[in-house]
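Residue numbers (this note's numbering): 20 to 286.
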């Protein structure tokens, strides 16, 4: 309460934190600093969850769909520079977008003050690249994370530059008894993605699904890396990006039936 708070970042976490802390009932003063822009999309469109409209189709060219989504974004949330934020240096879909209903409202009302990147610190004073400064009590860095496995020997398993090559985002080739679930930046939501993986995990545990040969697994990993992240900026934070709708369609119509055949069953 009654704190001068600086939130650094412009991802979903940064937006949620800034919105929650900027409620006028708290008496806080909230500043949001970001060095790069992000496209903002709402969580609901016409009273429905946004993914009802931003649902990727496996039957249409992805470039066409991304162009359509790019055209829709300004109509729903406006241009970021109209809110005092920097314009993104990328097209819609080339980097993570920020999903928030309230952030544009809080920025527009002045409850959150946008600032560019930090240039330096001087005690309680933070200086920004535009020459302005502000005094703060609390700084919250919502700037992402690195993928690490402290319980594994790095020689056994690691994720250099946040990339870990897993077949269907679950299996490391050659390790049939180590399975990952939920290790992805699934769009639009993680929970249905985890449920989709759980179906394959259940079939695998019951002996109704078998993995392909290791060589084929590596080939699929590379192909899917291009499919899910090839259109995005080459950044460590994008290595785990995944389109849930395309992933679920592939698992349901191709991978699970093929795994059943490999296990000796009938698709």
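Cβ atoms here follow ideal geometry from the backbone N, Cα and C, with glycine treated the same way. Bear in mind the structure is a predicted one, so any value in this text is a computation, not a measurement.
- Query: How long is the line joining the alpha carbons of residue 55 and residue 81, rounded to whole angstroms?
  - Reply: Within the chain shown, numbered from 1, the residue matching residue 55 stands at position 36. Within the chain shown, numbered from 1, the residue matching residue 81 stands at position 62. Between residue 55 and residue 81, the C-alpha separation is close to 25 angstroms.
- Mark residue 190 as exposed unless 16 or more other C-beta atoms lie within 10 angstroms of its C-beta, in which case mark it buried. Mapped onto the chain shown, residue 190 falls at position 171. Classification of residue 190: buried, given that the 10 Å Cβ count is 16 or more.
- Query: Contact check, residue 193 vs residue 229 under 8 angstroms by CB: the rounded distance?
  - Reply: Within the chain shown, the letter at position 174 stands for residue 193. Within the chain shown, the letter at position 210 stands for residue 229. The C-beta distance from residue 193 to residue 229 rounds to 15 angstroms, too long to fall under 8 angstroms, and the pair is not in contact.
- Message: What does the Cβ neighbour count give for residue 78, buried or exposed, with the cut at 16 atoms within 10 Å?
- Response: Numbered from its first residue, the chain shown carries residue 78 at position 59. Result: exposed.
- Query: With a Cβ-Cβ cutoff of 8 angstroms, do residue 61 and residue 104 count as a contact?
  - Reply: Here residue 61 is taken as the residue at index 42 of the chain shown, counted from 1. Here residue 104 is taken as the residue at index 85 of the chain shown, counted from 1. For residue 61 and residue 104, no; Cβs fall outside 8 angstroms.
- Task: Determine the contact status of residue 113 and residue 252, defining contact as a CB-CB distance below 8 angstroms.
- Result: As a first step, residue 113 must be located in the chain shown, where it is residue number 94. As a first step, residue 252 must be located in the chain shown, where it is residue number 233. Yes, the Cβ-Cβ distance between residue 113 and residue 252 is below 8 angstroms.
- residue 258 and residue 180: beta carbons closer than 8 angstroms? Counted from its first residue, the chain shown places residue 258 at position 239. Counted from its first residue, the chain shown places residue 180 at position 161. Yes, they are a contact pair.
- Using three-state DSSP, classify residue 110 as helix, strand or coil. As a position in the chain shown, residue 110 is number 91, starting the count at 1. Here DSSP, grouped into helix, strand and coil, assigns residue 110 to coil.
- Query: So residue 259 is in the beta strand (DSSP E); what residue range does that whole segment cover?
  - Reply: Along the chain shown, read from residue 1 onward, the residue named residue 259 stands at position 240. No beta strand (DSSP E) contains residue 259, which DSSP labels as neither H nor E.
- Query: Where residue 265 and residue 131 are concerned, what is the direct C-alpha to C-alpha distance, given to the nearest angstrom?
  - Reply: Here residue 265 refers to the residue found at position 246 when the chain shown is read from its first residue. Here residue 131 refers to the residue found at position 112 when the chain shown is read from its first residue. Using only the alpha carbons, I get a separation of about 36 angstroms.
- Message: residue 59 and residue 159 - do their beta-carbons sit closer together than 8 angstroms?
- Response: Stepping through the chain shown from its first residue, residue 159 is reached at position 140. Stepping through the chain shown from its first residue, residue 59 is reached at position 40. The Cβ atoms of residue 159 and residue 59 lie no closer than 8 angstroms to each other.
- Message: Just to confirm my understanding: we take residue 111, look at its own chain, exclude 5 residues before and 5 after, and list those with CB closer than 6 angstroms. What are they?
- Response: As a position in the chain shown, residue 111 is number 92, starting the count at 1. Only 58, 88, 89, 92 meet the Cβ criterion.
- Within the region 110-160, note down every full beta strand (DSSP E) run reaching 3 residues or more, in order along the chain. Taking 3 residues as the shortest admissible run, the region 110-160 contains the following complete beta strand (DSSP E) segments, listed from N- to C-terminal end: 131-134, 137-141, 144-147, 152-154, 157-160.
- Three-state class that DSSP yields for residue 206 in the structure shown: In the chain shown, the residue the question calls residue 206 occupies position 187. Annotated three-state conformation of residue 206 is strand, per DSSP.
- Query: When you compare only the Cα positions, how much space is there between residue 33 and residue 26?
  - Reply: Looking up residue 33 in the chain shown gives position 14. Looking up residue 26 in the chain shown gives position 7. Distance between the alpha carbons of residue 33 and residue 26: 7 angstroms.
- Give me whichever residues DSSP pairs with residue 27 in a beta bridge. Here residue 27 corresponds to residue number 8 of the chain shown, with the count starting at 1. Residue 27 pairs with 52, 160.
- Task: Measuring alpha carbon to alpha carbon, tell me which of 45, 52, 44 ends up nearest residue 28.
- Result: Start at 1 with the first residue of the chain shown, and residue 28 comes out as number 9. Nearest C-alpha to residue 28: 52.
- Message: My parser needs the alpha helix (DSSP H) runs of 4 or more residues fully inside the region 217-283; what are they?
- Response: 233-248, 263-269, 275-281
- Bridge partners - residue 93, DSSP secondary structure assignment: For the purposes of this step, residue 93 is taken as the residue at position 74 of the chain shown. In DSSP, residue 93 forms no bridge with anything.
- Task: Helix, strand or coil for residue 36, going by three-state DSSP, please let me know.
- Result: Residue numbering aside, residue 36 sits at position 17 when the chain shown is read from its first letter. It is helical.
- Do the region 66-76 and the region 152-167 touch if we need at least three Cβ pairs shorter than 8 angstroms? no
- Is DSSP giving residue 68 helix, strand or coil here? On the chain shown, residue 68 is found 49 positions in, with the first residue counted as 1. It is a strand residue.
- Task: Check the C-beta distance from residue 182 over to residue 203 and give it rounded, since I have them as a contact under 8 angstroms.
- Result: Within the chain shown, the letter at position 163 stands for residue 182. Within the chain shown, the letter at position 184 stands for residue 203. 12 angstroms between Cβ atoms; not a contact.
- Query: With burial defined as no fewer than 16 other Cβ atoms inside 10 Å of the residue's Cβ, what is the status of residue 165: buried or exposed?
  - Reply: If you number the chain shown from 1, residue 165 lands on position 146. Under the 10 Å beta carbon count, residue 165 is surrounded by fewer than 16 other beta carbons and is classified as exposed.
- Query: Per DSSP, which one or two residues make a beta bridge with residue 60?
  - Reply: Residue 60 sits at position 41 when you count from the first residue of the chain shown. According to the DSSP secondary-structure assignment, residue 60 is paired through a beta bridge with 118.
- So what does DSSP say about residue 168, is it helix, strand or coil? For the purposes of this step, residue 168 is taken as residue 149 along the chain shown, with counting starting at 1. In the structure shown, residue 168 sits in coil (DSSP, three-state: anything other than H, G, I, E or B).
- Task: Assign residue 101 to one of two classes, buried (16 or more other C-beta atoms within 10 Å of its C-beta) or exposed (fewer than that).
- Result: The residue given as residue 101 occupies position 82 in the chain shown. Label assigned to residue 101: exposed.
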